Every structure is written in structure tokens, then in C-alpha cells.
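Novice: Got a structure for you, written out below as C-alpha cells; questions coming shortly.
In the numbering used here, the protein residues as written are 48 to 474.
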């Protein structure tokens with residue numbers, strides 16, 4: 048920008064000097080006016096540029112140069128504006144919003160952001176939802192930000208699709224609501240070479256949303272992680288084609304539609320760990336996992352052994368299957384939509400009681416229930432609203448099933464938890 052401004056200022060100065068010099072020479076040597084005889088070249092030139100006053104000399108040239116100056120400034124502004132538009136074309140947002148499922152069975156919606164021109168800085172991306180009347184429904188700020196983005200690089204921006212999230216509300220409305228929401232993604236940046244700030248805007252219609260069956264949502268993004276840089280320099284032209292179109296997978300679309308319409312969030316029991324209280328006998332319990340219905344439904348079988356083993360001074364006090372959420376999960380949105388915690392429970396003969404506990408980050412119990420299992424599967428359902436106010440569900444850290452060593456409990460036994468999930472209830 049400094050170079051452009053200096054070039055225009057220098058051009059205007061040279062033009063002014065040539066004009067004033069020409070008038071001076073004509074006035075002095077051709078017309079031989081008295082005023083021209085009084086002034087030196089530089090005094091006359093400054094007068095023509097608007098400095099000083101001489102009633103004997105026509106002020107018309109001053110007006111002409113003033114008009115020329117205005118035109119030059121207008122051209123300067125136009126040049127800077129054109130350069131701004133040109134730079135905006137170098138920064139791209141992908142045409143498709145791509146849905147994909149990660150290894151933890153969680154969904155994300157991703158876009159690509161790329162820079163094909165000179166280095167830019169202070170790059171940020173935000174998304175916004177509008178309803179059919181144009182009223183703002185939700186804003187997702189700072190979904191992506193980076194202090195500097197060099198030329199010929201692209202980044203992936205991931206927007207999680209989970210209950211209460213910005214994208215969940217959008218897709219839930221598109222599939223189950225009236226489909227009238229409008230989604231916009233805005234990217235802002237500063238051209239590092241000129242200091243000009245610019246913004247690009249992309250509207251995503253529902254036809255622009257595609258689903259893929261791979262964890263890397265864009266074809267050549269194998270070297271990128273979430274909100275990360277795509278570094279591969281091979282197949283340069285093919286890389287940029289991703290901004291125009293991504294091919295959809297029909298089965299992935301069907302799976303996502305089923306998820307977003309079901310109002311069900313399954314809790315991954317594969318993360319459960321065995322905890323033995325009292326003597327710390329690790330052999331006192333074991334956990335086995337099974338998957339059903341193509342892996343969507345999980346079951347967890349917990350075997351306990353309260354007999355006293357060699358090398359331990361006492362029997363265990365309790366055995367616990369612990370599902371720990373790190374970082375804590377915010378179940379406030381589930382509370383808002385009246386979700387219920389549901390699961391099926393069965394147990395071996397003599398297993399009289401299994402304790403269910405849900406704790407927050409301070410280890411305070413949000414939910415504490417004694418369950419009475421049987422050989423047949425018994426289904427349990429607990430409304431989050433009935434179990435406590437919203438604040439209590441904001442920092443869920445632990446969910447566990449315990450069996451205490453009591454006289455009425457056999458030394459050896461087992462229990463099974465099936466399809467632990469959060470299910471949307473009636474508001």
C-alpha cells in the first residue's frame with residue numbers, strides 16, 4: 048500500500064511541476080506578464096500549486112490542478128479497491144460443507160479455507176444462522192483463527208455436530224424442521240503486503256451439504272488434522288478442485304440422517320475402566336465389550352470376584368466400571384431438551400444390587416440410584432430434568448456402575464449394561 052500511495056503522490060507532484068513550469072515559461076517569455084517577471088520559478092510554481100496569492104495572475108491553473116488532484120486521488124482509491132477485490136479472490140472457502148464421522152462415532156461438519164495469493168494474516172472464520180425472516184438464530188464465533196497464512200496453503204475448519212452445538216441445530220432443523228434456516232460462513236483477513244482488511248462470505252444451501260464415509264473429509268487432506276494445515280504439495284491442481292465439489296457417499300448420508308433424526312446420543316462404553324476398591328486386587332474384576340447392529344449398539348459385561356486371593360490381606364470393598372469424561376461433558380443442552388439417560392441391565396443369579404452413579408467435576412453425585420437387576424434385561428430410564436437443575440449437568444465427569452461387597456452378594460458374579468444412551472424425551 049505504501050508503494051502505491053508513494054507512486055501516486057510522486058506522479059501528482061511531477062505533473063504539478065510540469066504544469067506550473069509550463070505556465071511560468073509561457074507567462075514570462077511569451078506573454079511577458081509583469082507578475083511572471085516578479086516571481087522566480089519556484090515562487091511561481093508554489094503559487095500555481097495553491098500557496099500564496101497574486102491578483103495579477105489568472106487562478107484558472109490552480110483550479111485545473113485542483114481538479115487533477117481530485118482525479119488522481121480518485122484513481123488512487125480505485126486502484127486500492129481493485130487490489131482489495133483481487134486479493135479477496137485469492138482466499139477461498141469450499142463450496143461443500145462435508146459431514147463425516149470420526150473414530151469415536153462422533154460427527155463433524157467441515158469446510159476448507161485456502162489462500163492462493165500472497166501471505167495473509169489475522170485470518171478468522173465465523174458462522175451464522177438465520178431463520179426465514181432474516182433474524183439471527185445463532186453465531187459460532189472463532190471457529191477458526193490463525194495469525195498468519197502463507198501462500199498456496201489450505202486449512203480444514205471442523206464444526207462438531209453434537210447436541211446443543213451450532214451445527215446440530217442446523218441439521219436437526221433441515222431434516223426434521225421446516226428447513227428454512229440459512230447458514231453463512233464469513234472469513235476475514237488482512238493482506239500482509241498492503242495492510243488491507245477484507246472479508247469473504249459463503250452461503251451454504253442444503254444442496255451444498257455432502258456426507259462422506261471417510262474420517263478425512265476432503266480427498267487429499269490425509270496430512271491434515273482438525274483445524275490443521277494441509278501440507279502436501281503434490282497434485283497441486285487436484286488439491287484446489289476440492290473447493291469446487293466433493294463427491295457424496297449415499298450410505299454415509301443415510302447414517303447421518305438416522306443419527307440427526309433419532310434424538311439419540313450413545314455413550315461409548317469402550318472407554319470404561321475397571322476400578323477395585325479396598326485391597327486393589329486387579330484380578331477382582333474384568334470388563335468385556337460387544338457391539339451389535341453394525342457397531343452402533345454396545346454392551347458391557349462386567350465380571351466381579353470378591354473372594355480373597357493369595358497375596359492380598361483382605362477382600363475388595365467394591366468393583367466399579369467407570370466411564371470417565373475428560374474433559375468434562377456439558378449435558379446442559381440435553382437437560383434443555385428433556386433427554387433421558389437409558390440403558391438395559393441384566394445380571395447373574397444372586398447379584399442383588401448394582402449402583403448407578405453420575406458425578407460432576409467436584410465428585411459430587413448428580414445421580415445416585417440402586418438398581419435391582421435380574422437374569423432378564425430390565426430397561427431403566429432417568430429424566431435429566433427430574434434428577435436436578437441444569438447447572439448440575441454442566442460438568443459431567445464420571446458415570447459408573449458399582450457392586451459393593453456385602454454379605455448378600457455372592458463372591459462371584461456378573462452384570463451386563465446394554466445400549467447406554469441419552470434419548471430425547473417429550474418437552
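No residue lacks a Cβ here, since even glycine has one placed at the ideal position from N, Cα and C. The structure displayed is predicted, hence computed values, not measured ones.
Among 200, 265, 164 and 239, which has the Cα closest to the Cα of residue 144?
Specialist: Looking at the Cα atoms, 265 is the closest of the given residues.
Novice: On the CB-based measure, 16 or more other CB atoms within 10 Å of its CB, does residue 445 come out buried or exposed?
Specialist: Residue 445 is buried by the Cβ-count criterion.
Novice: Taking contact to mean at least 3 C-beta pairs separated by less than 8 Å, is the stretch 460–467 in contact with the stretch 372–385?
Specialist: No contact exists between the stretch 460–467 and the stretch 372–385.
Novice: Pull the bridge partners of residue 236 from the DSSP assignment, please.
Specialist: 245.
Novice: Whose C-alpha, out of 337, 386 and 401, is nearest the C-alpha of residue 421?
Specialist: Answer by Cα proximity: 401.
Novice: Could you please give me the residues that DSSP links to residue 371 through a beta bridge?
Specialist: For residue 371, which the question treats as bridged, DSSP gives the partners 445.
Novice: Compute the beta-carbon to beta-carbon distance between residue 239 and residue 190, rounded to the nearest angstrom, for a pair I have assumed lies under 8 Å.
Specialist: With a Cβ gap of about 22 Å, residue 239 and residue 190 do not count as contacting.
Novice: Leaving aside the five residues before and after residue 363 along the sequence, list all residues of the same chain whose C-beta is less than 7 Å from its C-beta, in chain order.
Specialist: Correct list, in chain order: 323, 324, 325, 326, 328, 331, 353 and 452.
Novice: Give me the DSSP bridge partner(s) of residue 250.
Specialist: Answer is 231.
Novice: Is DSSP giving residue 157 helix, strand or coil here?
Specialist: Correct three-state label for residue 157: strand.
Novice: Excluding five sequence neighbours on each side, which residues of the same chain lie with their C-beta closer than 8 Å to the C-beta of residue 262?
Specialist: Answer for residue 262: 147, 148, 149 and 150, listed in chain order.
Novice: Pick from 120, 250 and 156: whose alpha carbon is nearest that of residue 212?
Specialist: Comparing Cα positions, the closest option is 156.
Novice: Hey, is the stretch 425–442 in contact with the stretch 309–319, meaning 3+ C-beta pairs nearer than 8 Å?
Specialist: Output reads no: the stretch 309–319 does not touch the stretch 425–442.
Novice: In chain order, what residues of the same chain lie with their CB nearer than 6 Å to the CB of residue 216, ignoring the 5 residues before and after it?
Specialist: Nothing meets the Cβ criterion.
Novice: Could you check what DSSP says for residue 410 in three-state terms: helix, strand or coil?
Specialist: Residue 410 falls in the coil class under three-state DSSP.
Novice: Any idea if residue 139 is buried or exposed, counting beta-carbon neighbours within 10 angstroms, 16 or more meaning buried?
Specialist: Burial call: buried.
Novice: Are there 16 or more other CB atoms within 10 angstroms of the CB of residue 309, so buried, or fewer, so exposed?
Specialist: So residue 309 counts as exposed.
Novice: Suppose you measure from the CA of residue 454 to the CA of residue 367; what does that come to, to the nearest Å?
Specialist: Each residue's alpha carbon lies about 18 Å from the other.
Novice: Going by the beta-carbon positions, is the gap between residue 460 and residue 395 smaller than 8 Å?
Specialist: Yes, they are a contact pair.
Novice: Looking at the C-beta of residue 170, does it have a partner C-beta in chain B at a distance below 8 Å?
Specialist: Among the protein chains of the structure shown there is no chain B, as only one such chain exists.
Novice: Is residue 398 helix, strand or coil by DSSP?
Specialist: Three-state DSSP puts residue 398 in coil, outside helix and strand.
Novice: Out of 471, 321, 424 and 438, which has the shortest C-alpha to C-alpha gap to residue 448?
Specialist: Checking every option, the nearest Cα to that of residue 448 belongs to 321.
Novice: When you compare each of 245, 218 and 260 to residue 254 by their alpha carbons, which one comes out closest?
Specialist: Ranking 245, 218 and 260 by Cα distance to residue 254 puts 218 first.
Novice: Could you name the residues that DSSP lists as bridge partners for residue 471?
Specialist: Looking at the DSSP assignment, residue 471 forms a beta bridge with 386.
Novice: Note down the Cα distance separating residue 472 from residue 384, rounded to an integer number of angstroms.
Specialist: Distance between the alpha carbons of residue 472 and residue 384: 7 Å.
Novice: Check this for me: beta carbons of residue 443 and residue 386, under 8 Å apart or not?
Specialist: Going by C-beta atoms, residue 443 is not nearer than 8 Å to residue 386.
Novice: With DSSP collapsed to three states, give me the class of residue 138.
Specialist: Looking at residue 138 - three-state DSSP - the assignment turns out to be strand.
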